[in-house]
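Chains as they are written, first to last, in the working numbering: chain A, 1 to 140; chain B, 141 to 280; chain C, 281 to 420; chain D, 421 to 560.
Here's what the structure looks like:
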């Protein structure tokens with residue numbers, strides 16, 4: 001899927017995101033992944049809010065992260081997101097957390113989301129989101 | 141208001157709640173205050189969920205905290221909550237965060253909440269919550 | 281590893297842990313996993329604080345979660361933790377998040393941790409933690 | 421103190437920062453206040469990390485917030501911070517949270533911080549921070 005769009009969202013580490021080990025607490029990377037996929041969607045011309053207004057939500061069914069080097073307080077990072085897998089009712093994003101200063105990959109992960117409707121039952125991506133995601137996945 | 145009920149909810153400090161200074165991050169005390177007022181309500185026989193089901197929410201309009209000694213990772217605390225002021229459409233809770241081991245008061249604060257309906261407009265406490273809160277405030 | 285200890289820590293969902301979808305935000309399960317492994321360690325007679333005092337920390341190198349059913353505000357849960365893999369310088373925990381009312385498994389996951397010393401370099405579990413973890417892993 | 425610098429840091433509301441009421445959870449405004457004061461310091465040419473490296477930390481002794489209108493998911497905000505009071509060993513910041521689209525003030529607050537040294541005992545602002553803060557406070 002060499003044509004998949006990789007979107008890089010800038011992010012600065014907050015004090016609140018560190019823990020007493022002096023580094024970023026592990027759960028916060030999953031918050032950053034959300035920032036990455038939301039900004040990827042925005043780069044396609046849409047907000048996640050638009051998707052919710054269209055009646056679709058994307059609850060997470062699986063998420064994982066591999067931690068390589070610690071992110072530190074005040075670090076400037078890139079949260080890189082791309083679409084790794086796309087089905088009418090399911091999407092998987094890949095993420096890399098990069099340190100801006102030297103490009104070091106601090107963490108990698110992914111998350112898989114179901115498309116559900118307002119009734120929280122399985123659904124499909126509404127247009128124009130489906131077409132936009134297909135393009136971003138390099139499938140359009 | 142010497143007859144106000146003071147409810148003490150036990151709480152253990154999580155690693156996620158600390159920051160790189162080695163102590164609990166300041167914003168987390170406001171999360172604990174929520175635990176305190178919710179457990180106070182439960183001690184009266186109701187859950188905050190019940191209140192929401194009855195069509196009323198309690199958005200915060202003011203909150204404050206004075207920090208005296210740092211709470212540390214794994215500390216066992218009491219989150220003490222009481223009703224300081226009660227009006228048909230407004231409630232103020234007082235809080236004290238105590239260390240269980242020696243009773244030291246680590247922090248004190250308060251929060252004031254409006255009662256709003258499902259339309260997010262100003263409303264009043266529905267029964268049986270109004271009567272229960274009056275009793276807990278020492279006014280019943 | 282049928283003899284591995286499974287420790288169940290009780291936990292009640294906080295309002296702060298929900299998001300606008302009305303369910304618990306996905307990153308918070310990783311905070312709960314920490315509660316699970318810390319309480320597992322405590323059930324063995326030690327605190328994570330003791331381990332840090334002995335000069336060892338357990339930074340996460342991998343974590344994952346599969347979400348099956350949403351945890352809701354005020355739900356009472358069991359955070360079940362067990363040791364899935366144990367090496368002198370590495371440990372993997374498995375987790376299940378269960379709803380207390382009906383035993384439903386809401387989520388499953390795992391986390392793998394390196395043992396590092398005060399210099400943040402790879403190290404080994406100090407005694408008496410190594411022996412305690414071996415027993416809890418059903419290897420003792 | 422009409423000459424005090426007011427620094428405005430941009431911030432976009434994260435999904436993780438909302439709660440089941442559909443708005444931003446109250447404790448998160450205190451995290452944003454931290455973003456505001458850190459960026460105010462950076463606008464003076466220093467990072468909070470620099471201050472910590474110089475041996476000084478700024479633990480919070482008091483914080484408060486008045487909530488006027490709810491911040492919503494994906495809102496673009498300004499976190500406005502200024503120095504309201506400055507003593508050799510103490511600083512108070514004022515904050516306003518503004519919605520970028522219409523300039524509405526969603527919340528106002530303040531936080532007061534002691535200066536402590538590495539031993540966590542009361543200390544004074546080291547140079548060049550003292551001079552920089554005096555200028556920013558309109559006292560320089």
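Backbone N, C-alpha and C define an ideal beta-carbon position, used for all residues, glycine too.
Not a single CB atom of chain D sits nearer than 9 Å to the CB of residue 400 (chain C). Residue-level contact by beta carbon fails for residue 227 (chain B) and chain C, as no gap is shorter than 9 Å. Within the same chain, 324, 325 and 326 come within 7 Å of residue 412 (chain C) by CB-CB distance, once the 5 residues on both sides are set aside. The C-alpha of residue 502 (chain D) is placed about 7 Å away from the C-alpha of residue 460 (chain D). Under the three-state reduction of DSSP, residue 482 (chain D) is assigned to strand. When CB distances to chain D are screened at a threshold of 8 Å, the residues of the segment 302-323 of chain C falling below it are 302, 303, 305 and 307, in chain order. When rounded, the separation of the alpha-carbon atoms in residue 295 (chain C) and residue 318 (chain C) is 22 Å. Residue state for residue 176 (chain B) is assigned as helix, using DSSP reduced to three classes. With a cutoff of 9 Å on beta-carbon distance, residue 484 (chain D) and residue 220 (chain B) are scored as not near each other. One Cα belongs to residue 123 (chain A), the other to residue 94 (chain A), and the distance between them is close to 22 Å. When the alpha-carbon of residue 121 (chain A) is set against those of A:89, A:29, A:84 and A:134, the nearest one is in A:89. Membership of residue 413 (chain C) in any beta strand (DSSP E) is not indicated; the residue belongs instead to the alpha helix (DSSP H) covering 409-416. When rounded, the separation of the alpha-carbon atoms in residue 366 (chain C) and residue 417 (chain C) is 7 Å. Residue contact check for residue 467 (chain D) against chain A: a CB pair falls below 9 Å. Taking a 10 Å sphere around the C-beta of residue 139 (chain A), we find fewer than 16 other C-beta atoms and assign the residue as exposed. Taking the C-beta atoms as reference points, residue 308 (chain C) is found no nearer than 9 Å to residue 111 (chain A). For residue 192 (chain B), the enclosing alpha helix (DSSP H) covers residues 188-193. Using beta-carbon distances, residue 239 (chain B) does not count as an interface residue toward chain D, since no partner is under 9 Å. At a cut-off of 9 Å between beta-carbon atoms, residue 264 (chain B) makes no contact with chain D. At a cut-off of 9 Å between beta-carbon atoms, residue 294 (chain C) makes no contact with chain A. Taking the CA atoms as reference points, residue 290 (chain C) sits about 12 Å from residue 376 (chain C). In the DSSP annotation of this structure, the continuous segment of the beta strand (DSSP E) that includes residue 79 (chain A) starts and ends at 76-87. Contact residues of the segment 485-506 of chain D toward chain C are 493 (C-beta to C-beta distance below 8 Å).
Interface with chain B (9 Å Cβ-Cβ cutoff): residue 480 (chain D) is included.
At a cut-off of 9 Å between beta-carbon atoms, residue 428 (chain D) makes no contact with chain C. Note on the segment 282-312 of chain C: whole beta strand (DSSP E) runs with a minimum of 3 residues are 287-292, in chain order.
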